[in-house]
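Residues -20 to -1, 1 to 182 in mature numbering (1 follows the signal peptide of the UniProt record, and there is no 0) are what the sequence shown spells out, letter by letter. From the three backbone atoms N, C-alpha and C, an ideal C-beta is built for every residue, glycine too. Here the structure is a predicted model, which means the values were calculated and not measured.
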Amino acid sequence: MLTSLISLLLALPAALPPGARPTPDSTGTPVPNSLKLGVTTAANGQLSTLALERQLRPRLTLQARLGYGARTFSESYSLPGPGPNTVPYTRRVRQAEATAHLRYYIGRHPKPLSGWYAGLGLGLARLREEGTRPQSAAETRTRLLLCPQVQVGGQYVFGRHFLLDVFLGLGAAQQRSFSFAPTPRRFWDFYAANGLQVGYAF
């Protein structure tokens, strides 16, 4: 009797009509993610970056990125009056930055996180700057900057996991000249940027 009941239960799914048969549960399908290392270059310097991108919708993703860079500039300012009154100085900058970008992928692609995209983001940068003049003490300051950014680029997935991300961007940040300049001032600095990232999709 028990053997007959087990045989009946095993044969029941095959006897059901196609629409009534149980289907596999797809709610556990993993969300596409990628982890990337890269370099971003702009007129104001270069950052080494680490980024994580996660798919929110079929064409919409969120990328969080951390970056760090150090650079040195040779600059000068002019004093009022006749004659050559140009004073040279050196500016050293260390920058740590955290950014978040929403990316919208254009068109349909067989692989997630792949194709042309446009992005809108906001960065928070911490800058430590040191200005040094000849025969003078250095002036050091630390400040935080909010940097709105826009991007266009393309990301390509090779095989199942490896990807390449290339982009162009435009950003803005409010700058402030050093106090030893004759007319200290605040101004908006607009800068173009380009970047390259390689990563692993999972």
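Would you call S54 buried or exposed, if buried means 16 or more other Cβ atoms sit within 10 Å of its Cβ? exposed
Less than 9 angstroms separating the beta-carbons of L40 and Y85? yes
Extract the residue ranges of the alpha helix (DSSP H) inside the stretch 43 to 88, only unbroken runs of 4 or more that lie entirely within it. none
So who's on the other strand from G139, going by DSSP bridges? Looking at the DSSP assignment, G139 forms no beta bridge with any residue, so it has no partner.
Ignore the nearest five residues each way along the sequence and tell me which others in F142's own chain have a CB closer than 7 angstroms to its CB. Y180
Collapsed DSSP secondary structure at P92 in the structure displayed: coil
Going by DSSP in three states, R123 sits in which element: helix, strand or coil? strand
Residues that DSSP places opposite R106 in a beta bridge: A76, L124
Skipping 5 residues on each side, what residues in its chain have a beta carbon closer than 6 angstroms to that of R121? E109
What is the residue span of the beta strand (DSSP E) that R34 lies within? 25 to 35
I'd like to check one pair, Q129 with L104: are the Cβ atoms closer than 9 angstroms? no
How big is the Cα-Cα spacing for A80 and S56? 35 angstroms
Rounded to a whole number of angstroms, what is the C-alpha to C-alpha distance between Y171 and G134? 20 angstroms
If distances are taken between C-alpha atoms only, which option among P12, N13, K16, T20 comes closest to F147? T20
Look at R72 and R51 and say whether their C-beta atoms are less than 9 angstroms apart. yes
Suppose contacts are defined by Cβ-Cβ distances below 9 angstroms. Is S58 in contact with F182 by that definition? no
Leaving out the 5 sequence neighbours to the left and right, which residues in its chain are closer than 6 angstroms to G25 when beta-carbon positions are compared? G49, R51
Assuming S116 is part of the beta strand (DSSP E), what are its boundary residues? From DSSP, S116 is part of no beta strand (DSSP E); its letter is neither H nor E.
Where do the ends of the beta strand (DSSP E) carrying V19 lie? 13 to 22
Would you please state the rounded distance, in angstroms, between the beta carbons of G139 and G18? I believe it to be under 8 angstroms. Rounded, the Cβ-Cβ distance is 19 angstroms, inconsistent with contact.
I'd like the list of long-range same chain contacts for A153, defined as Cβ closer than 6 angstroms, with 5 residues on each side in sequence excluded. L125, C127, D169
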